[in-house]
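Chains as they are written, first to last, in the working numbering: chain A, -18 to 443; chain B, -18 to 443.
Below is the structure:
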């Protein structure tokens, strides 16, 4: 499939329709040529700052007419190269579509434009005693989170973005705008096409509106910080906690390097040893007491060296801010270096094994990396780092591939929450087998000209 | 699209491949010609009792060769005519595929054949302290529950079947068998094609294997029974409880008629007034005390006349058995009559309004019906009854259509958990608009000859 790209006539047509909402300024093109993956940047042909669903529909119509690839863009926080444009592409910037269109507190739902960030949504609904639980860490937008099926620390209790999107409006490449899903909490009426677009990374359609689930803010919270002698025993404890009736809100693993990084970056004084952070929440402090005692006992039985409780709101806030900044804190620890993060997710019973395999691999290759994990979900990140162009990178990529291979053999996935983008296309066939061909057929059905974020998610045909 | 059906040559080919696993005995054909909808029965051309995935693949190949429609069948407990075969169809009976292939307690998952029922699965995993939470009431199979996205009383806490299926194997009409999803608890690797087949009622492929999520059995449980002066105030109380941090395991509405029915059918002595049944569960009896007090206070503030607590296991079991048998108990109350159940589901804040609208409609039409609901999800059933052929039926169907119309105007769905089958096809376009056309395109992609459960789910082309 050849695409013409944003040449003279096409650019003229876009300018005629959108005027100053179109930009080809160098700084704008640069800002839309990269994400947070650290992958090689590439400028789009132009950027359109969309303001309305009609803008999106018209942009797709012009893209179809002139065969221009389109890359939906908002916060720019994707981690796998999802936003890096192919030559001559239109970067369709939705970050200005920031209206919270409706909050229905009694229905526990809000309808938003795709450029609304999850912190913005949380500020808008907090006074009603509600919150949106998915917290990928960056100032991500809901459109982007829906497109990568982002999750974060609270997915262990509330599910990922996928489980928290009730309804979508999606603009298709052929001009249709479809309403998918329902505002009811559940539905069995017809094929559930929502899920085709959730996690599709903008390759099947452009999300123009989302109705998401909100949850009541728990009245009481506390967090346990349980220090372990090694990452493996911490992971083992996490699986035991998940098997109890504790129903944690969050269950996170921080390794010694990660804690060193957040201590330095945020001025904390956490002990720099492998640690589980377990958050519990409920209707009252009294209701949490038995669960706290249970979790503490389970962790001590599993070898915890020390268990400390945080109950003050400021203390809890500092903890979770630290967790959310761990990625940036680690980057700050190694200035000038390049980074690569895995996003492996395994069935819980395989977590100790894959973490031990990871540590052994790092040691054998003489590599330094930090391990952080949403371990209640079996999801963990190995954050590799090395100077750009260093010989370490070949060993890092080889170990990365071995980690994916072992993860798939254990029944896991190469991506728990970051998506595929450019970097993980190489693993998709090993993970999904023949189902990749059906994915390709669905792509062809919805985007026969291959204009929507082409070259992402799907591997090249065999 | 014309289909040949199971004529002489086709039947001979099926018999040559499957031998005695094929049946055309009258009693067998009769048993495969109906479900629990009460809709007009129709015999299939023959029944194949499949035992393996290879049986299913070969049956689909023969069906393709001879243009035979195929209706997947198992427990026969669908409620919307999903299992009623078109002329000359093969009823593909999967009820003999009852192997629990693997239980991985440490991963909180089990892999089963599609004919395994949810009670069978629960018996298999109970000793490990685990359970599968979706409980539609009938002795439904997991293949059937996945195909209608069934739910039940515990969906308010644990989600529907959709949220509890991690991975599927699906046989397609073109001979492929695909593995979809992953054994990890979450994944962002590629399009999530699982969800196309979940809720597709056997029209897109045949599920040959499922890997489902299991959950730890809570250590402590109790149930509140809160009596209200009317259904509307009970529904209002349900929305208030959902807004608190109570996280109920179950939140059910029983009306006076429903309670009268289960009292008679099961020998209970529940007060015959509109009642909320609220189940709470947690790590210990102590941990539940504050939540119980909170729920009781909220219900009394919302007008509850009486609140009673059940804590003994036998008492709890009797309660939920009663709820699960309510549909049959109501049928037993009106012997010889025909029944029709709605399956409406609205956003929670619309629940009191639609219930009042329902009561007004029943009164205006002079109709008698019972209202039961999974009201924590906004899902409720109006169980109409009248003698077969009675003039009441025209008024019942008209009121049914008005209830759906109002439900859709409130942002709800015509089916919360039963699926579309034959009866609700008429509402699909009003609910989904143009998205119905994309559903049809997906159907054509996966089943171009329209052989898989034809005439179900999708409305006839406009």
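Beta carbons are placed, not taken as given, at the ideal position from N, Cα and C, and that holds for glycine.
Distance, residue 430 of chain B Cα to residue 418 of chain B Cα: By one-based count along the second chain, residue 418 of chain B stands at place 437. By one-based count along the second chain, residue 430 of chain B stands at place 449. Rounded to the nearest angstrom, the two C-alpha atoms are 17 Å apart.
Proximity test, Cβ basis, 7 Å: residue 315 of chain B and chain A: Sequence index remark: in the second chain, residue 315 of chain B carries index 334 (1-based). Not one chain A Cβ lies under 7 Å of residue 315 of chain B.
7 Å Cβ cutoff, residue 434 of chain B in contact with chain A: Taking the second chain and counting its residues from 1, the one referred to as residue 434 of chain B is at position 453. Answer no: the Cβ-Cβ gap between residue 434 of chain B and chain A never drops below 7 Å.
Residue environment, residue 15 of chain A, which counts as buried when at least 16 other CB atoms sit within 10 Å: Locating residue 15 of chain A in the first chain gives position 34, where the first residue counts as 1. With 16 or more other Cβ atoms within 10 Å, it is buried.
Chain A residues whose Cβ lies nearer than 7 Å to that of residue 429 of chain B: As a position in the second chain, residue 429 of chain B is number 448, starting the count at 1. Result: empty, since nearest Cβ-Cβ is about 12 Å, beyond 7 Å.
Length at least 3, wholly inside the stretch 338 to 396 of chain A: the beta strand (DSSP E) runs in chain order: 350 to 355, 360 to 367
Closer than 7 Å to chain A by CB, residue 220 of chain B: Here the question's residue 220 of chain B lines up with position 239 in the second chain. Yes, because at least one Cβ of chain A sits closer than 7 Å to the Cβ of residue 220 of chain B.
Simplified DSSP assignment, three categories, for residue -18 of chain B: Within the second chain, residue -18 of chain B is the residue found at index 1, counting from 1. No answer about residue -18 of chain B holds up, because its pLDDT of 41 lies below 50 and its placement is not dependable.
Whole-angstrom distance between residue 255 of chain B and residue 212 of chain B, CA atom to CA atom: In the second chain, residue 212 of chain B corresponds to position 231, counting from 1. In the second chain, residue 255 of chain B corresponds to position 274, counting from 1. Going by the C-alpha atoms only, they are around 6 Å apart.
Nearest-angstrom Cα separation, counted from residue 332 of chain B out to residue 287 of chain B: Mapped onto the second chain, residue 287 of chain B falls at position 306. Mapped onto the second chain, residue 332 of chain B falls at position 351. Each residue's alpha carbon lies about 22 Å from the other.
Cβ-based burial, residue 412 of chain B [other Cβ within 10 Å; buried from 16]: By one-based count along the second chain, residue 412 of chain B stands at place 431. Flag for residue 412 of chain B reads buried.
Alpha helix (DSSP H) runs wholly inside the stretch 99 to 161 of chain B, at least 4 long, in chain order: 99 to 106, 123 to 129, 136 to 139
For residue 53 of chain B, the residue or residues it bridges with in DSSP: Here residue 53 of chain B corresponds to residue number 72 of the second chain, with the count starting at 1. Paired residue(s): B:73.
Residue-level contact to chain B via CB, residue 167 of chain A, 7 Å cutoff: Here residue 167 of chain A refers to the residue found at position 186 of the first chain. By this cut-off, residue 167 of chain A is an interface position.
Neighbour-count burial assignment, residue 371 of chain A, 16 or more Cβ in a 10 Å radius: Here residue 371 of chain A is taken as the residue at index 390 of the first chain, counted from 1. Its Cβ having fewer than 16 others within 10 Å, residue 371 of chain A is exposed.
Given 8 Å, three or more beta-carbon pairs between the stretch 99 to 109 of chain B and the stretch 421 to 441 of chain B: no
Chain-order list of residues whose beta-carbon lies under 7 Å from that of residue -18 of chain B (same chain, five-residue window excluded): For this step, residue -18 of chain B is matched to residue 1 along the second chain. Here residue -18 of chain B scores only 41 on pLDDT, less than 50, and its place in the model is too uncertain to base an answer on.
contact_flag[the stretch 372 to 391 of chain A, the stretch 328 to 343 of chain A] where n(CB pairs < 8 Å) is 3 or more: yes
Any chain A beta carbon closer than 7 Å to residue 386 of chain B: Within the second chain, numbered from 1, the residue matching residue 386 of chain B stands at position 405. So no, residue 386 of chain B is outside the interface.
Pair within 7 Å by beta-carbon distance, residue 394 of chain B and residue 170 of chain A: Your numbering for residue 394 of chain B matches position 413 in the second chain. Your numbering for residue 170 of chain A matches position 189 in the first chain. Yes, these two residues count as a Cβ contact at 7 Å.
Listed by chain order, chain B residues near residue 393 of chain A by CB distance under 9 Å: Start at 1 with the first residue of the first chain, and residue 393 of chain A comes out as number 412. What residue 393 of chain A touches in chain B: 163, 164, 165, 168.
Straight-line Cα distance separating residue 235 of chain A from residue 334 of chain A: By 1-based counting over the first chain, the position of residue 334 of chain A is 353. By 1-based counting over the first chain, the position of residue 235 of chain A is 254. Distance between the alpha carbons of residue 334 of chain A and residue 235 of chain A: 17 Å.
Closest by C-alpha distance to residue 349 of chain B, when choosing among B:356, B:363, B:359, B:221: The residue labelled residue 349 of chain B in the question sits at position 368 within the second chain. Closest by alpha carbon: B:363.
Selection of the stretch 74 to 101 of chain A by Cβ proximity to chain B, strictly under 7 Å: 85, 87, 88, 89, 90
First and last residue of the uninterrupted beta strand (DSSP E) at residue 260 of chain B: As a first step, residue 260 of chain B must be located in the second chain, where it is residue number 279. That run of the beta strand (DSSP E) goes 256 to 263.
Any chain C beta carbon closer than 7 Å to residue 278 of chain A: Note that chain C does not occur in the displayed structure, where the protein chains are A and B.
Sequence ranges, alpha helix (DSSP H) only - wholly within the stretch 2 to 29 of chain A, length at least 4: 7 to 12
Simplified DSSP state of residue -6 of chain A, which is helix, strand or coil: On the first chain, position 13 is the one that residue -6 of chain A refers to. Helix.
Candidates B:308, B:318, B:345, B:424: closest to residue 361 of chain B by CA position: Walking along the second chain from the start, residue 361 of chain B turns up at place 380. Among B:308, B:318, B:345, B:424, the Cα nearest to that of residue 361 of chain B belongs to B:308.
Per DSSP, cross-strand counterpart(s) of residue 454 of chain B: Nothing about residue 454 of chain B can be reported from this structure: the residues present for chain B run from -18 to 443 only.
Backbone secondary structure at residue 444 of chain A - three-state DSSP: Residue coverage of chain A in this structure runs from -18 to 443, which leaves residue 444 of chain A outside it and unanswerable.
Residues of the stretch 197 to 209 of chain A whose Cβ lies closer than 9 Å to any Cβ of chain B, in chain order: 197, 198, 199, 200, 201
Straight-line gap, residue 366 of chain A to residue 22 of chain A (C-alpha atoms, nearest Å): For this step, residue 366 of chain A is matched to residue 385 along the first chain. For this step, residue 22 of chain A is matched to residue 41 along the first chain. Those two C-alpha atoms are separated by around 19 Å.
For residue 58 of chain A, the residue or residues it bridges with in DSSP: Numbered from its first residue, the first chain carries residue 58 of chain A at position 77. For residue 58 of chain A, which the question treats as bridged, DSSP gives no partner whatsoever.
Chain B residues whose Cβ lies nearer than 8 Å to that of residue 405 of chain A: As a working note, residue 405 of chain A is residue 424 in the first chain. Result: 170.
Interface residues of the stretch 222 to 235 of chain A facing chain B [CB-CB below 9 Å]: 223, 224, 225, 226, 227, 228
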